[in-house]
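> Per the UniProt record's numbering, the sequence shown starts with residue 1, numbered consecutively.
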Amino acid sequence: MLSAEDAPGYRILDQAGQGGFAVVYRAYQESLDRVVALKVLSVDRVDQRTLRRFQRELQLTGRLTGHPNVVTVFDTGVTRSGKPYIAMDFFENGSLRDKIRKQGPLGVPDVLRAGVKLAGALAAVHEAGVLHGDIKPQNILISRYGELAVADFGVARVVDAAEISLTSQAFTPLHAAPEVLTGQPHSSSTDIYSLGSTLYHLLAGRPAFHNPADPSIAPLMYRVLSIEPPPIDRADVPAVVSDTILRAMSKNPELRYASARDFARRLQAVQADLGLSVTDLLGQDSAPGPTISP
């Protein structure tokens, strides 16, 4: 089964998912007797731009290996059919999007806890000089132990003025910042917006600007650009929680949190205000890394 996609040392078990430019397989790594996720380029003819993008994903994800909320990469290589692959942790519990679809919106304590962890992971990404570029519920995976991890650096880049414009062609409109929709480059602030949009989704059970009656792109873009997010229709969501998340989704980037770490700290403060256990923020005393600029 799918033997053409076998990689040396791995045996394909089944297909686990498919993205814009890659297929993810569940595979068995023979040398270490474990099941991994094998992400393989899905196109037969790989143009150089796509290949560079995929190779950059390998490099960047590997650089961030070791953070508990960033997916760990084990290995990279080329399949027997000549396609590049990444071997990484297999997350058998799927993504936050899967969880929302099965269980509905998450409770306030769970969303705040997730927010601190994910904002902390995003801070580590940014402090490494990297933009993710596509934060959304389906790119946040759930481990067998319930831990969240940011995945899919298909749009992420080492911030480089010569390359940053390429990222504008790859984003998720439902969670993309308004300025990205108008052709501006991704930035740390657009990642913060997308994380805020993701947390809104977890609380509301749907993206802020999704309209099932009119899901086409043009009206969606109008809503993102011109309309404020609708209130979260839940009596159990305190105003301080909504306000904290909506600040991250400000249409004016200058009104958002100055950094992902600031967003994480604000979420911690909300936990404390509500009498909840405060989630640890990894590396909060770390020195600043490379400057990120549009």
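Ideal placement from N, C-alpha and C gives every residue a C-beta, glycine not left out. None of the values given here were measured: they were computed from a predicted structure.
Going by DSSP, what residues sit across from Ile86 in a beta bridge?
Paired residues: Lys39, Thr76.
> Taking the Cβ atom as the reference point for each residue, do Ala177 and Ser194 lie within a distance shorter than 9 Å?
yes
> With distances taken between CB atoms, is the gap from Ala119 to Leu106 smaller than 9 Å?
In this structure, Ala119 lies away from Leu106, with their beta-carbon atoms at least 9 Å apart.
> Is DSSP giving Val111 helix, strand or coil here?
helix
> Can you list, in chain order, the residues of its chain whose CB lies under 6 Å from that of Leu282, leaving out five sequence neighbours each side?
Gly120
> My assumption, with CB atoms under 8 Å, is that Leu64 sits in contact with Ala123. Please give the rounded CB distance.
Actually they do not touch by this definition, with Cβ atoms about 11 Å apart.
> For Tyr25, which of helix, strand or coil comes out of DSSP?
Per DSSP, reduced to three states, the secondary structure at Tyr25 is strand.
> Quick one: what does DSSP say Asp241 is sitting in, helix, strand or coil?
Checking the sequence shown, residue 241 turns out to be Val, not Asp. Val241: helix per DSSP, three-state reduction.
> Pull up the DSSP beta-bridge partners for Asp14, would you.
Arg26
> Hey, would you say Leu202 sits closer than 9 Å to Val111, going by beta carbons?
yes
> Our contact map puts Pro84 next to Leu41 with C-beta atoms below 8 Å; I'd like the distance itself, whole angstroms only.
5 Å
> If the criterion is Cβ atoms closer than 9 Å, does the pair Lys136 and His175 meet it?
Yes, they are a contact pair.
> Assign residue 306 to one of two classes, buried (16 or more other C-beta atoms within 10 Å of its C-beta) or exposed (fewer than that).
For residue 306 there is no data in the structure shown, the boundaries of the chain being 1 and 294.
> Hey, which unbroken runs of the alpha helix (DSSP H) at 4 residues or more fall wholly within the segment 203 to 237?
217 to 226
> Cα separation between His210 and Asp134?
Their backbone Cα atoms lie some 17 Å apart in a straight line.
> Cα separation between Leu13 and Gln29?
10 Å
> Apart from the five residues on each side of it in sequence, which residues of its chain come closer than 8 Å, Cβ to Cβ, to Gly205?
Ile100, Gly104, Pro105
> Just the C-alpha distance for Arg11 and Ala87, rounded to the nearest angstrom, thanks.
12 Å
> Could you give the residue range of the alpha helix (DSSP H) that holds Val180?
178 to 181
> Considering Cα atoms alone, identify which of Thr244, Glu92, Gln59 is closest to Thr76.
Gln59
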